[in-house]
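The opening residue of the sequence shown carries number 2 in this note's numbering; numbering runs sequentially from there.
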Amino acid sequence: MSLKDNSIVTTLINFESLHFLELELIRSIHAFRTPFMDNFFTPFDFFDRKEFFLILIPTMWFLRGRKAGLSLMSILLISGLTNSALKEYFSSPRPFHIDPSLGIIQVSGYGFPSGAAQTVILLSGILLSYWKSSLMWFIATIYVLFVSFSRVYLGIHFPSDIIVGWLVGLFLWKFYTYMQPLIERWLTNFQSHFLIR
Numbered sequence: 002m003s004l005k006d007n008s009i010v011t012t013l014i015n016f017e018s019l020h021f022l023e024l025e026l027i028r029s030i031h032a033f034r035t036p037f038m039d040n041f042f043t044p045f046d047f048f049d050r051k052e053f054f055l056i057l058i059p060t061m062w063f064l065r066g067r068k069a070g071l072s073l074m075s076i077l078l079i080s081g082l083t084n085s086a087l088k089e090y091f092s093s094p095r096p097f098h099i100d101p102s103l104g105i106i107q108v109s110g111y112g113f114p115s116g117a118a119q120t121v122i123l124l125s126g127i128l129l130s131y132w133k134s135s136l137m138w139f140i141a142t143i144y145v146l147f148v149s150f151s152r153v154y155l156g157i158h159f160p161s162d163i164i165v166g167w168l169v170g171l172f173l174w175k176f177y178t179y180m181q182p183l184i185e186r187w188l189t190n191f192q193s194h195f196l197i198r
């Protein structure tokens with residue numbers, strides 16, 4: 002067995018130990034489960050669907066200009082590819098894969114790290130860089146907390162999926178702020194060559 006194979010096996014064993022504890026936490030949350038809470042948290046899954054991004058990107062384009070819209074599209078593409086690569090590498094199950102009774106809704110693919118948690122941190126950072134009001138801070142905080150908690154409540158993610166998703170999202174936001182001038186310069190050249198008006 003190669004060194005890489007050994008590291009993967011060790012990671013899986015660690016995941017199993019952690020997931021055992023986290024499953025108990027999710028079951029404790031589900032002890033307070035009600036139809037009202039199911040109906041309240043289920044719609045938050047929309048924020049992790051392509052339809053949301055198909056609305057968000059043109060909205061940013063309209064409100065802040067084409068460079069902002071194209072920059073957002075670029076970083077979301079990078080974020081999606083990063084998350085997919087990490088999910089495939091770790092191949093970690095979701096809570097409802099282990100205990101089907103926890104799955105209020107069903108989604109496909111692996112769970113670690115949480116793409117939704119990654120995206121809410123990334124988007125909150127980007128939006129706050131354009132709108133620095135206290136109202137936007139409040140909206141961003143509610144957005145992060147409610148979407149993140151809903152993923153655990155719905156049985157889609159373990160808390161560890163969420164925490165690591167936040168960290169990856171924070172890294173990507175820092176990457177975005179560092180690379181933004183270069184991205185916008187590239188987009189300007191792209192527009193001049195392909196006549197995007």
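No residue lacks a Cβ here, since even glycine has one placed at the ideal position from N, Cα and C.
Given the structure is predicted, the values throughout are model-derived calculations rather than measurements.
May I ask which residues mark the beginning and end of the alpha helix (DSSP H) holding residue i?
{"i": "P36", "result": "P36 to F42"}
{"i": "P94", "result": "Taken as a continuous stretch (DSSP letters only), P94 belongs to no alpha helix (DSSP H), as it is neither H nor E."}
{"i": "K51", "result": "K51 to R65"}
Verify whether the separation of the beta carbon atoms of residue i and residue j is less than 7 Å.
{"i": "D162", "j": "I105", "result": "no"}
{"i": "E23", "j": "P160", "result": "yes"}
{"i": "G70", "j": "L123", "result": "no"}
{"i": "H158", "j": "G126", "result": "no"}
{"i": "S115", "j": "R152", "result": "yes"}
{"i": "F47", "j": "F53", "result": "yes"}
{"i": "I76", "j": "Y144", "result": "no"}
Whole angstroms are fine: how far does the CA of residue j sit from the CA of residue i?
{"i": "F147", "j": "A117", "result": "11 Å"}
{"i": "W174", "j": "L128", "result": "11 Å"}
{"i": "V108", "j": "D100", "result": "14 Å"}
{"i": "V121", "j": "W167", "result": "8 Å"}
{"i": "S72", "j": "W132", "result": "16 Å"}
{"i": "S93", "j": "L155", "result": "17 Å"}
{"i": "V10", "j": "F41", "result": "Since pLDDT at V10 reaches only 44, below the 50 mark, its modelled position is unreliable, and no value is offered."}
{"i": "R186", "j": "L87", "result": "29 Å"}
{"i": "I58", "j": "M74", "result": "6 Å"}
{"i": "L26", "j": "W138", "result": "29 Å"}
{"i": "R95", "j": "T142", "result": "25 Å"}
{"i": "L103", "j": "S130", "result": "37 Å"}
{"i": "Y179", "j": "F172", "result": "11 Å"}
{"i": "R1", "j": "L183", "result": "No answer is possible for residue 1: it lies beyond the span of the chain, which begins at 2 and ends at 198."}
{"i": "L13", "j": "H98", "result": "Residue placement at L13 cannot be trusted, given a pLDDT of 49 that sits under 50; the coordinates are not used to answer."}
With a threshold of 7 Å between beta carbons, is residue i in contact with chain B?
{"i": "L78", "result": "Of the protein chains in this structure there is only one, and it is not chain B."}
Legend entry - Unbroken stretches of the alpha helix (DSSP H), 4 residues or longer, contained in the stretch 71-142: 96-99 and 116-131
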